[in-house]
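Report on one structure; see the data block that follows.
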Amino acid sequence: MEDPDYRQLMNVAMRALSQRAHTTHELEEKLKKRPHYSLERGKAVLSRLQELGLLNDDAFIRRTLEEASQLRFQGRMKVATRLYRRGIPTQKTEAVWREMGISEKELAKEALRRATKRFAKLHKNKLYQRRAQFLSSRGFSPDTIYSVLGDTL
């Protein structure tokens, strides 16, 4: 006979996962807020979801990095911070970033290229500053910013 509290926690988890992908940490925090939560039940629910392939932090990191690099053109620092807030260690994000072979310099160049109109009417003195601020706000490292701006000016 299955524990009804386990079933309720599993329903909460499935409902959350049906809305959007979650990290293990995020889902664990959601489950902890439920009155039926216990450490054993929570671990059982999370491990079962991992067995079923519905909860996979590595796949979550990969999806987030693909989105950040192909759609948002964000730097490594911004993505790592966003994932850290969701319970993913920065080292793990960095490792997957390197494994995927994403070039931060190429991302920064593409982000600048797409924002060219934004900087069209600026004086040359302000242009360098605004481009640097733009890339910094996108989460690119200072080394990458200086390298890219040195290449473009």
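In the numbering used here, the protein residues as written are 370 to 522.
All C-beta atoms in this analysis are idealised placements derived from N, C-alpha and C, irrespective of residue type, glycine included.
- Query: Less than 8 angstroms separating the beta-carbons of Ile457 and Leu434?
  - Reply: Judged by beta-carbon spacing, Leu434 lies beyond the 8 angstroms limit of Ile457, meaning their Cβ atoms are not closer than that value.
- Taking all protein chains shown into account, do 16 or more other C-beta atoms lie within 10 angstroms of the C-beta of Met370, making it buried, or fewer, making it exposed? Unreliable positioning characterises Met370 in this predicted model, as indicated by a pLDDT of 44, which lies under 50. A coordinate reading is not provided.
- Task: Report the option in Arg455, Lys495, Lys461 and Ala449 whose CA atom is closest to the CA atom of Phe509.
- Result: Cα-wise, what sits closest to Phe509 is Ala449.
- Query: For the alpha helix (DSSP H) that contains Pro373, what are its first and last residues?
  - Reply: For Pro373, the enclosing alpha helix (DSSP H) has its first and last residue at Pro373 to Gln388.
- Message: Are the CB atoms of Phe503 and Leu496 within a distance shorter than 8 angstroms?
- Response: Going by C-beta atoms, Leu496 is not nearer than 8 angstroms to Phe503.
- Message: Which of the three DSSP states is assigned to Leu518 in this structure?
- Response: Helix, per DSSP.
- Query: Below 8 angstroms between beta carbons: does that hold for Ala484 and Ile514?
  - Reply: Contact: no.
- Which runs of the beta strand (DSSP E), 3 residues or longer, sit entirely within the stretch 418–506? Residue ranges of uninterrupted beta strand (DSSP E) with 3 or more members are absent from the stretch 418–506; none lies entirely inside it.
- Task: Could you spell out where the alpha helix (DSSP H) holding Lys399 opens and where it closes?
- Result: Residues Thr393 to Lys401.
- Item | Nearest candidate by alpha-carbon position, reference Thr392, set Gln443, Lys461 and Gly444 | Checked all of Gln443, Lys461 and Gly444; the closest Cα to Thr392 is Lys461.
- Message: Whole angstroms are fine: how far does the CA of Leu421 sit from the CA of Glu395?
- Response: So the alpha carbons of these two residues sit roughly 18 angstroms apart.
- Task: Please report how far the alpha carbon of Val414 lies from the alpha carbon of Leu408, in whole angstroms.
- Result: For Val414 and Leu408, the gap between their C-alpha atoms comes out near 10 angstroms.
- Query: In this structure, does DSSP put Pro511 in helix, strand or coil?
  - Reply: Pro511: helix per DSSP, three-state reduction.
- Straight-line gap, Arg500 to Arg403 (C-alpha atoms, nearest Å): For the pair Arg500 and Arg403, the Cα-to-Cα distance works out to about 47 angstroms.
- Query: When you compare only the Cα positions, how much space is there between Lys447 and Ser506?
  - Reply: Using only the alpha carbons, I get a separation of about 8 angstroms.
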